[in-house]
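What follows is a set of notes on a single structure, which appears directly below.
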Amino acid sequence: MKKCAETDGTLVFLMGLRNLPDIVENLIRNGKSEDTPVAVVSNGACAKNQTVRGTLSTICENVKSAEVVPPAVIVVGETAKFDFAPTITRPLKNVSVTVTGTRKLSDKLGKMLTLSGAEVKRHDLLKVIEYHDNEAFDNAINGIDGYDYVVLTSMNGAEIFMSRLRKLKKDIRSFANIKFAVIGSG
Numbered sequence: 001m002k003k004c005a006e007t008d009g010t011l012v013f014l015m016g017l018r019n020l021p022d023i024v025e026n027l028i029r030n031g032k033s034e035d036t037p038v039a040v041v042s043n044g045a046c047a048k049n050q051t052v053r054g055t056l057s058t059i060c061e062n063v064k065s066a067e068v069v070p071p072a073v074i075v076v077g078e079t080a081k082f083d084f085a086p087t088i089t090r091p092l093k094n095v096s097v098t099v100t101g102t103r104k105l106s107d108k109l110g111k112m113l114t115l116s117g118a119e120v121k122r123h124d125l126l127k128v129i130e131y132h133d134n135e136a137f138d139n140a141i142n143g144i145d146g147y148d149y150v151v152l153t154s155m156n157g158a159e160i161f162m163s164r165l166r167k168l169k170k171d172i173r174s175f176a177n178i179k180f181a182v183i184g185s186g
């Protein structure tokens, strides 16, 4: 640590938040000024990013007061004065959203919202279960060549339809003359 303390350049410690008190103590003990600027950047490129600043003499208390959590990068030196705010625009930053639906839907929508900066809480309230008495459905599929359209009203409906085709060992090419209509996106 002596060589680090003697350098005039910037020091960057990756994943060292838990060791911050030891890093600070060793830098000061080995000659680094207590007035050296320090920044601790947590969750750098994420929506919940946080930067806490101080000097070697104050940074540990500042980080503790701000309740900084890993992952974090510690920047020691004049570069610690720079603006570390991400340049990514997150239009939903500081917005809390609850997403309900099936697990698949809430995961997909939750990821999109998180990337836009929202704090997402997921509640998987819906579970799609294929109806077990499929005789009428199977009869419709077996007689599908008499239909002009197949209308699917959801991603779940499309998945169940395709699953049933596989169970009945239907070749999808047999639907070449049938039009498909779908509602929604996903």
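All the letters of the sequence shown, read from the start, carry residue numbers 1 to 186 under UniProt numbering.
Just so it is clear, CB atoms sit at the ideal spot from N, CA and C, and this is done for glycine as well.
| Check | Outcome |
| --- | --- |
| Have a look at residue 60 and residue 23 and give me their C-alpha separation to the nearest angstrom. | 10 Å |
| Does residue 97 come within less than 9 Å of chain C when only Cβ atoms are used? | The chain labelled as chain C is not found in the depicted structure, where only one protein chain is given. |
| Please tell me whether residue 52 and residue 66 are closer than 9 Å, where the distance is taken between their beta carbons. | yes |
| Spatial neighbours of residue 172 within its chain, please: CB distance less than 7 Å, with the 5 preceding and 5 following residues excluded, ordered by chain position. | 165 |
| Report, in whole angstroms, the separation of the C-beta atoms of residue 42 and residue 72, which I expect to be a contact under 8 Å. | 4 Å |
| From the DSSP output, in three-state form, read off residue 124 for me. | strand |
| Kindly provide the ranges of any beta strand (DSSP E) runs that are 3 or more residues long and lie completely inside the stretch 42-115, ordered along the chain. | 50-55, 72-76 and 96-101 |
| For the stretch 121-134 against the stretch 173-184, are there 3 or more C-beta pairs whose distance is under 8 Å? | no |
| Could you tell me the alpha carbon to alpha carbon distance between residue 118 and residue 99, rounded to whole angstroms? | 11 Å |
| I think residue 56 touches residue 78, with their Cβ atoms under 8 Å apart; what is that distance to the nearest whole Å? | No, residue 56 and residue 78 are not in contact; Cβ-Cβ is about 13 Å, not under 8 Å. |
| For residue 181, which of helix, strand or coil comes out of DSSP? | strand |
| Nearest by alpha-carbon distance to residue 156: which of 182, 141 and 138 is it? | 182 |
| Going by CA-CA distance only, name the one from 105, 120 and 81 that's closest to residue 93. | 120 |
| With DSSP collapsed to three states, give me the class of residue 119. | strand |
| Grouping DSSP H, G and I as helix and E and B as strand, with all else coil, what is residue 176? | coil |
| Excluding the 5 residues preceding and the 5 following residue 103 in the sequence, name in chain order all residues of the same chain whose CB lies nearer than 6 Å to its CB. | 124 |
| CA-CA distance, residue 149 and residue 106? | 30 Å |
| Quick check for students: name the residue ranges of the beta strand (DSSP E) that lie wholly in the stretch 123-169, counting only runs of 3 or more. | 149-152 |
| Per DSSP, what are the beta-bridge partners of residue 24 in this structure? | The partner list for residue 24 (beta bridge, DSSP) is empty, contrary to what the question assumes. |
| Using the C-alpha atoms, what's the distance from residue 11 back to residue 3? | 11 Å |
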